[in-house]
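Numbering (the working numbering), first residue to last: 76 to 277.
C-beta atoms are modelled at their ideal positions from N, C-alpha and C, and glycine is treated no differently.
Quantities reported herein were computed from a predicted structural model and do not represent experimental measurements.
So the structure is just underneath, and the comments pick up after that.
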């Protein structure tokens, strides 16, 4: 006795559907890894003040994000793959730094067209790269830029206090921003106060 639909033919149909899902999953992983890689390359270009190269990586990531979203629509289960969420956060971080260095402002959630969770996480992660940019400039003697960055990180911190997310990981990132802000304040203090006391030349 054969019970419908538990037949060989139907099993083969489902097997093909699983194969299709696995192929889509592989593409999601590949695109996500490339977005993460390009975000790091874009940030590195920004630190070298090579905005033109950073812009190329940004545009490349935007194309890959478009392709990635089309894949996710084809099978909603793909949206649960963590690496795709990480890729979105990395893009937000890189794009935010690019926007800040080029235009002196941060992008909105609507401009980036992402989820609110990934937007918030990426914005807070950008504080760490802002610190590195500030330190790079301080080593070049540009303390005014470091002060400007300090104000931006402080603004990110206050902004996130108003957002007041309930998610544990996002709340943990607020503490991360606080630590970044404290570090930069210490660096500026050392440069301005202790440096002057020791006769350091800017």
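- Between residue 206 and residue 126, the C-beta gap is not smaller than 8 Å, which leaves the two residues out of contact.
- In its chain, beyond the 5 residues on either side, 225 have a beta carbon closer than 7 Å to the beta carbon of residue 260.
- Contact annotation, residue 173 with residue 121: C-beta distance approximately 6 Å; criterion of less than 8 Å satisfied.
- In this structure, residue 162 lies near residue 111, with their beta-carbon atoms less than 8 Å apart.
- In this structure, the straight-line span from the alpha carbon of residue 250 to that of residue 116 is close to 26 Å.
- The DSSP-derived three-state label of residue 246 is helix.
- Between residue 202 and residue 245, the CB-CB gap reaches or exceeds 8 Å.
- Of 129, 123, 107, 99, the smallest CA-CA separation from residue 151 is found for 99.
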